[in-house]
Every structure is written in C-alpha cells, then in structure tokens.
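Visitor:
There are 2 protein chains.
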Amino acid sequence: MSDVARLAGVSIKTVSRVVNDEPAVHPDTAERVMAAIEQLGFRRNLGARNLRRGSTTGTIGLIVEDVGNPFYSELNRAVERIATSFGRQVLTGSSEENSDRERELVLEFCARRVDGILVVPAGLQHGYLVPEMRAGTPVVFIDRPAGDIVADTVLVDNLGGTIEAVTHLAQHGHRRIAFLGDSPDIFTAAERLRGFREGCVRNGISYDESLVSMGTPTPDSVGNAVKRLLDGPDAATAVIAGNNRVAVHLLRALAHAERRPAMVGFDDFELADLLNPPVTVVAHDVSALGHAAAELLFARVQGDQSPPRKVVLPVHLVARGSGEVAP
Amino acid sequence: MSDVARLAGVSIKTVSRVVNDEPAVHPDTAERVMAAIEQLGFRRNLGARNLRRGSTTGTIGLIVEDVGNPFYSELNRAVERIATSFGRQVLTGSSEENSDRERELVLEFCARRVDGILVVPAGLQHGYLVPEMRAGTPVVFIDRPAGDIVADTVLVDNLGGTIEAVTHLAQHGHRRIAFLGDSPDIFTAAERLRGFREGCVRNGISYDESLVSMGTPTPDSVGNAVKRLLDGPDAATAVIAGNNRVAVHLLRALAHAERRPAMVGFDDFELADLLNPPVTVVAHDVSALGHAAAELLFARVQGDQSPPRKVVLPVHLVARGSGEVAP
DNA sequence: GGTCACTATGACAACGTTGTCTCCTCCGGG
DNA sequence: CCCGGAGGAGACAACGTTGTCATAGTGACC
Chain A
97 MSDVARLAGV SIKTVSRVVN DEPAVHPDTA ERVMAAIEQL GFRRNLGARN LRRGSTTGTI
157 GLIVEDVGNP FYSELNRAVE RIATSFGRQV LTGSSEENSD RERELVLEFC ARRVDGILVV
217 PAGLQHGYLV PEMRAGTPVV FIDRPAGDIV ADTVLVDNLG GTIEAVTHLA QHGHRRIAFL
277 GDSPDIFTAA ERLRGFREGC VRNGISYDES LVSMGTPTPD SVGNAVKRLL DGPDAATAVI
337 AGNNRVAVHL LRALAHAERR PAMVGFDDFE LADLLNPPVT VVAHDVSALG HAAAELLFAR
397 VQGDQSPPRK VVLPVHLVAR GSGEVAP
Chain B
97 MSDVARLAGV SIKTVSRVVN DEPAVHPDTA ERVMAAIEQL GFRRNLGARN LRRGSTTGTI
157 GLIVEDVGNP FYSELNRAVE RIATSFGRQV LTGSSEENSD RERELVLEFC ARRVDGILVV
217 PAGLQHGYLV PEMRAGTPVV FIDRPAGDIV ADTVLVDNLG GTIEAVTHLA QHGHRRIAFL
277 GDSPDIFTAA ERLRGFREGC VRNGISYDES LVSMGTPTPD SVGNAVKRLL DGPDAATAVI
337 AGNNRVAVHL LRALAHAERR PAMVGFDDFE LADLLNPPVT VVAHDVSALG HAAAELLFAR
397 VQGDQSPPRK VVLPVHLVAR GSGEVAP
C-alpha cells in the first residue's frame, strides 16, 4: 500500500480511502491511485483489514464427516449458497467421524476467527465449545445434536421417518423386517433404530433384536449382515437401510442374492428411481437442512440473542417400488 | 493476550513465548500462563500472527463448478486430504460455470492471502491471474487448462478416453453412434467431441454431425436430443454421454424409451454397476486428479520454481454391459 | 476582509501478534 | 571479590490496514 502511495504521490491513507470507495477523494487523485494500484497489482490484505477493524473475517466454518459424501456435499452447497448471499466464504473440513479431529478443526477455525461454525458433530462431548461460544462465535449443529451443551440445532425427523418406513412395509404384508444401521454411537443411527423399534410396536410386530445389525457400513459388514438376516426359515422378508451408505452396500449385496427382500432406504440418492426395482426411500431435503442451519447461524452472527433453537425438518416416504415387493 | 498477561502477572511477550512453545520460559511461569489462558478461554488470533510473521496463512483456495456435484466433491475430498497433510485448510467456492464468479472468488482468495489456488476454470481468460501469480500465489488448473496464460495444469485424457469409447462401441458392431456433450465452451466437452470425431475416423465410421448434440445438460435438453437421435430410419444405435450429468439425464430419458441403444458414459458414477444393464464408462481417478493437483500446488508453495507442468492422467474403459448391447 | 463551512489530504495510533534487543539475576571460576 | 556467561523476562517496533483527528486550501456569505 505504501508502494502504491509513493507511486501515486499521496499518503497511504488516501490509498486506503480509494480502495474503500470513501468519498472526499478528488477524482484526479483517485484516478492516479487507481493507476498505481493497477500497475503494481496491489490487492489489499484482508487479514490486516479485519485485524484493524475488529470486524468479522467474512468466513464461516463448516465441518462434516466427509465432504466427498454426496449427502454432505449437497449440504455444503446449500450452506455455500447462503454464505455467498451474506457475502461470506466457507472453510470446510472433514472430521472423518473422529471427535478429536472435529475438535481440532473447530479450534483451528476459531483461531482464524471465523464468524460462525456449522458442524455435523462426530463426538458427544462439546464442552470445549463453551469458551468459544461465550467469546462470541456462534455454533449451529446440523443433523445431530450437541452432546452435552445447549446449542442451536437443525435435525431431520429420524424417528418419524423410520416409523413411516416400517409402516409402509407392514402395509405391504411384511412381519419380518430387518434394520441395517450405522454405528449406534451416531445420533441419527441410534434415533432411527429407536424409530424402527417404535414402528414395530405401532404395527403390532414383535421387535426382534436378531433382525438388527448396527455398525460402520463397509461392503463386507453389510454383505455379511445380509447373508445372516436373509437366510434360514425365519429370514427377514424386508430390509430397512439406515442411511445412504448402508443402502449402497445393501443394494450391491442384494444384486447377487437369489431372494430379493423388500427394501426401504433412509436418505434419498441419485438414480434410486432407475434401479430395478426402483428404490423406495425416506427422503428429506438436504438443501433445506443446510439452508436452515446457515440462516440460523447468520441470524446469530447478526446479533440474534434469543434462546437456542431446535429445528426438526420433516421427512417423507417416496414409494418407488422396492418397498412394495410382496413377502 | 494482554488480559492473559495481566492475570498471570507477566508481559505479553512471555505469553507469546508460552503459546509458541518457545524455550527459556520458567516452568512455573509457563504454568501460571497456561492457567490464565485456560481461565480466560484465550485463543490466539491467527490473522494477527500471520500478519506479523509475514508467513503463509495456512489456507488454500479451491474453486470448482459446484461443490455439490459428486465429481467435484470427490475432488474436494482428495484436495482436503493433501492439504491436511501439509497442515493447511481449504476455502472452497462454486463458480457455477460463470467466469465472473470464478474471477471474483480467485481475487477474494488472493485478498485473503491464501497460500495457493486450485481452480477448475469456468472461463477462458485468465490474464487477471498474472499479477497474482507474479505476486507469489501459485495457481494450478484442474481438469481444464488456463485460457490464455501458461500455468500448471492437471488434466485427464479426454481425447483418448472418447476414442476408446467409440472403438468399444464399434467393436460391438455399432456404426451409427451419437454423442451427447456438455456446452462446447467447456474444454472437456470440446475435447471429448474431438475425441469422438477422431474415434469415428479411426474406426472407419463417417462422422455425422446430425448425431451430435452439445449443450448444458438438463432433463429436457437431453430428453429432446434422445428423441431426435433415436428416431427415424437413420437412428443411432449407440450413445456416448459426455459427462456424468449428461449420463444421468440420458439414463432417465432412456428408461422410458422403447428401444434401448448401447451406451457408454464419460466419468464413472456410483451405482453404475447396479443399473440394468450396468453402465459401461470411461473412468478416471478423480481422487488422483485432486492429489496430483494439490501435490503440485504444494511443491510450488514450498518454492518449486521449475517451468509450468502439464500432467495428463490416464483413463480406462470399464466395460459393464451397456456398451455391449447389439445394434 | 473576516468568519464559516466544506473539501481534500495527511499524521498518527491502534488492531493482536512476534522478532530483536536489552536488562536483570544468579552462579561458577579465577 | 570480581567477571563472564547463561537463563529468564520485558520494552519496543513492526506487520498492513483503517479510524480519528488535525490541517491546509477554497469559496460563500455577512
């Protein structure tokens, strides 16, 4: 900046005025300064600016499990859209479902003085956030609630959605329904399992623990579970996939199976309608999830001091065929 | 920091020493300082630190067309992985295939003094980058080359891949092959079209322009193109989809068609193997693309001054069935 | 002609850190 | 008893900006 000032024959304060479009600069002077800026390729240092102004940094942090997962990338996109409309940029990070990594990312973002943080929490302990939140960094939890603190949260109706899935299968005559879920340490997985149980009760199906398999989904883990659940005289006639990744592995496992059970997935996914049979899912609007969370965050950034809110977004069953297969 | 110093009864410089793990601090003093930091919830301001040290900011910028597109989110993930290994964080932005937006994002990132920029360019003019690159911000172009400047670039073998696709179809007896591509303004689309033409030539098929349809893919645009190309006596018996989004729209359009042509897609996608018939694609390793670009960027960040490099990653045809349908 | 308001500009401090330099104290060796 | 050196700690400036205040010049008005 001082180089620009020297070249234009003005003080650095005048350069500052020009780059900030402040009035009270003579047009001729402004033009000289602009020319110097152009010639030197000057770009003002936003870090220094934010430091001096004590203002916001114009960035928010988004922490998800894996930015490469289509579910989270859609969320990312929705968040980015809102952030852009508020003139902010997005720092992203993948926690890899590891609470230490989550914490590391959050604290790093705080050290960078992001204006706010959106997080799909990996862990259950969030006490470390208290000082940060007290220091003025708003935090909104997405898809899963905070472990041990009260904070803004945006969820989907996991319980209701799974109940609906069970009911759908029951209506098509199924009494032996299996549930394949992610690790029960994950809130959504636990909640959906709870919904599964509740759904069984409501439909007069006795809940059978041997038809449940929970755990981080891999092709092998899901494949083995499928073998176990669909074999024998008491085999399941229908399966519920607890999330999009379970669904993918499940579909692949079923592709080579002789008997195809009915199936309902939680989370919609691209091309679900083109498979054979088309996959019935409990769908929810991931974009809406991101929008709601980001809107809430920016309300906080702009000073909204109201008590922490908990938003639960609706889900709806999209019947495409795979849930209507007879037992 | 001065609050911490006051509480611990030391100077701020000593606090600085403690938070930076500098030696020559008495253990007792260090402990007092730590306690004060804990009590006040102090977190050092990385912006101020970077300003003072004149060091790198520890961030890189990644600009893609749409962070929500699975192709780019996988890229994002690969980049993040490398960035993490270099202790950097990633700022992301979606250009939405708009060159003004691309420019805006790049300049904003530069103003934030990112250590480097990875960009899937939307436009063809990159002169605006010259001052930034001269000022020391390395830039690596991904998936598409820079328009009018010389810079590091990582591409995939678009030409070879499409030739391979045509050859595959020709080997299965097809002579009337259609090509559905994205807007020809996009480098990859133009290049794949070139590969299509070249593939026709090599396989002794006369190139027929009426079998080509280029443009931003929407369900309608692709649907109409399918109707046009697959109707009449001279209808195409095979179709090549120019990218993953064209492929998705194409599959949906074909689902309701009476006659199903053979098909090969460029870009692999999840569940391609589970469709009926399984979709043959020209696959490439998106993660490798991100890795290579990020590795190259960090080499530059760390001072590699060698001439700009151009890396072309191989592609390979994954025959799953849809390309082997008879004419 | 003197005062006033207004325009255009600059000097200086401050934002929160850290690098450099200096100072003080304590200890061992001559 | 003095001196040199090491260990521990602080004062101060500087990074690149911008907010505040001060200053000089220019008309306009009484």
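Each protein sequence line maps, in turn, to chains A and B. When you read off a place in the first sequence, starting at 1, and then add 96, the result is the number in our numbering. When you read off a place in the second sequence, starting at 1, and then add 96, the result is the number in our numbering. For each residue, glycine too, the CB sits at the ideal point set by N, CA and C. Remember, it's a predicted structure, so these values are computed and weren't measured experimentally.
Measuring straight from C-alpha to C-alpha, what distance separates His222/B and Val236/B?
Guide: Between His222/B and Val236/B, the C-alpha separation is close to 12 angstroms.
Visitor: Tell me the DSSP secondary structure of Gly189/B in three-state form.
Guide: Strand.
Visitor: Applying a beta-carbon distance threshold of less than 7 angstroms, which residues of chain A neighbour Arg348/B?
Guide: Those are Leu370, listed as they occur along chain A.
Visitor: For Gly419/A, collect the residues of the same chain with a Cβ closer than 7 angstroms to its Cβ; drop the 5 residues on either side in sequence, then sort them by chain order.
Guide: Result list for Gly419/A: His264, Leu265, His268, Ala358, Met359, Val360, Thr376, in chain order.
Visitor: Closer than 6 angstroms by C-beta to Ser195/A: which residues in its own chain qualify, once you throw out the five before and the five after it? Chain order, please.
Guide: Correct list, in chain order: Ala218, Gly219.
Visitor: Residues of chain A with a CB under 9 angstroms from the CB of Arg341/B: which are they?
Guide: In chain order: nothing, as chain A lies at least about 10 angstroms away.
Visitor: Let me make sure I understand the geometry here. Which of Leu255/B, Val252/B, Ser98/B, Cys206/B has the alpha-carbon closest to that of Leu136/B?
Guide: The shortest C-alpha separation from Leu136/B is found at Ser98/B.
Visitor: In chain order, what are the residue ranges of uninterrupted beta strand (DSSP E) at least 3 long that sit wholly in the region 289-344 of chain B?
Guide: Taking only runs of at least 3 residues, the beta strand (DSSP E) segments lying wholly in the region 289-344 of chain B are 308-310, 334-337.
Visitor: Could you run through the region 134-145 of chain A and flag, in chain order, every residue whose CB is less than 7 angstroms away from some CB of chain B?
Guide: If the cut-off is 7 angstroms between Cβ atoms, the region 134-145 of chain A has Gly137, Arg139, Arg140, Asn141, Leu142, Gly143, Ala144 near chain B.
Visitor: Applying a beta-carbon distance threshold of less than 7 angstroms, which residues of chain A neighbour Asp162/B?
Guide: In chain order: Arg173.
Visitor: Measure from the C-beta of Gln185/A to each C-beta in chain B and report whether the shortest distance is under 8 angstroms.
Guide: Chain B contact via Cβ: present.
Visitor: Residues of chain B with CB closer than 8 angstroms to the CB of Leu203/A, please, in chain order.
Guide: The contacting residues are Arg139.
Visitor: Give the single residue among Met229/A, Arg416/A, Asn372/A whose Cα lies nearest to the Cα of Asp248/A.
Guide: Answer by Cα proximity: Met229/A.
Visitor: Asn340/A: buried (16+ other C-beta within 10 angstroms of its C-beta) or exposed?
Guide: Asn340/A should be labelled buried.
Visitor: Tell me the start and end of each unbroken alpha helix (DSSP H) in the region 144-210 of chain B that is at least 4 residues and wholly inside, in chain order.
Guide: Complete alpha helix (DSSP H) runs here, min 4: 166-181, 195-207.
Visitor: If you draw a straight line from the alpha carbon of Glu161/B to that of Asp381/A, how long is it in whole angstroms?
Guide: Going by the C-alpha atoms only, they are around 22 angstroms apart.
Visitor: So which residues of chain A does Ala231/B contact, with C-beta pairs closer than 8 angstroms?
Guide: Near Ala231/B (Cβ distances below 8 angstroms), the residues of chain A are Gly137, Arg139.
Visitor: Check distances from the C-beta atoms of the region 202-226 of chain B to those of chain A and list, in chain order, the residues that come in under 9 angstroms.
Guide: Listed in sequence order: Leu203, Glu204, Phe205, Cys206, Ala207, Arg208, Arg209, Val226.
Visitor: So, with DSSP's three-state summary, where would you put Met97/B?
Guide: Residue state, collapsed to three classes: coil.
Visitor: When you compare each of Arg209/B, Glu354/B, Ala132/B, Asp117/B to Leu103/B by their alpha carbons, which one comes out closest?
Guide: Ranking Arg209/B, Glu354/B, Ala132/B, Asp117/B by Cα distance to Leu103/B puts Ala132/B first.
Visitor: Quick check: the Cα distance between Val100/A and Ile108/A, rounded to an integer number of angstroms?
Guide: In a straight line, the C-alpha of Val100/A is about 8 angstroms away from that of Ile108/A.
Visitor: Rounded to whole angstroms, what is the Cα-Cα separation between Arg290/A and Ala343/A?
Guide: Going by the C-alpha atoms only, they are around 18 angstroms apart.
Visitor: In the region 351-370 of chain B, which residues sit with their C-beta less than 9 angstroms from some C-beta in chain A, listed in chain order?
Guide: Answer set for the region 351-370 of chain B: Ala351, Phe365, Glu366, Leu367, Ala368, Asp369, Leu370.
Visitor: Alpha carbon to alpha carbon, how far is Thr233/A from Glu170/A?
Guide: Going from the Cα of Thr233/A to the Cα of Glu170/A covers about 24 angstroms.
Visitor: Assuming contact is defined by CB atoms lying nearer than 8 angstroms, are Ala274/B and Val318/B in contact in what I supplied?
Guide: Contact flag unset, no.
Visitor: Is the beta carbon of Ile238/A less than 8 angstroms from the beta carbon of Glu391/A?
Guide: No, the pair does not count as a contact, with Cβ atoms beyond the cut-off.
Visitor: Cα-Cα, which of Val175/A, Ser181/A, Val202/A, Thr180/A is closest to Gln185/B?
Guide: Checked all of Val175/A, Ser181/A, Val202/A, Thr180/A; the closest Cα to Gln185/B is Val202/A.
Visitor: Determine, for Val397/A, whether the minimum Cβ-Cβ distance to residues of chain B falls below 8 angstroms.
Guide: It does not; no Cβ of chain B falls within 8 angstroms.
Visitor: Given this structure, state the Cα-to-Cα distance separating Ala321/B from Ser309/B, to the nearest angstrom.
Guide: Cα to Cα, Ala321/B sits roughly 7 angstroms from Ser309/B.
Visitor: Quick one: residues in its chain with C-beta nearer than 7 angstroms to the C-beta of Ala126/B, no 5 flanking neighbours on either side, listed in chain order?
Guide: The residues are Val114.
Visitor: According to DSSP, simplified to helix, strand and coil, what is Asp248/B?
Guide: Three-state result, Asp248/B: strand.
Visitor: Should the region 250-260 of chain B be called in touch with the region 384-399 of chain B, which here means at least 3 C-beta pairs below 8 angstroms?
Guide: Yes, since at least three Cβ pairs between the region 250-260 of chain B and the region 384-399 of chain B fall closer than 8 angstroms, the two stretches touch.
Visitor: Under the rule that 16 or more other beta-carbon atoms within 10 Å means buried, what is Val129/B, buried or exposed?
Guide: Val129/B is buried by the Cβ-count criterion.
Visitor: Any contact of the region 345-356 of chain A with the region 136-147 of chain A, i.e. 3+ C-beta pairs under 8 angstroms?
Guide: No, they do not touch.
Visitor: Beta-carbon within less than 6 angstroms of Lys406/A's beta-carbon, same chain only, minus the 5 sequence neighbours each way: which residues are those?
Guide: Excluding sequence neighbours, Lys406/A sits near Thr249.
Visitor: Determine which residues share a DSSP beta bridge with Val115/A and list them.
Guide: In the DSSP output, where bridge partners are listed per residue, Val115/A has none listed.
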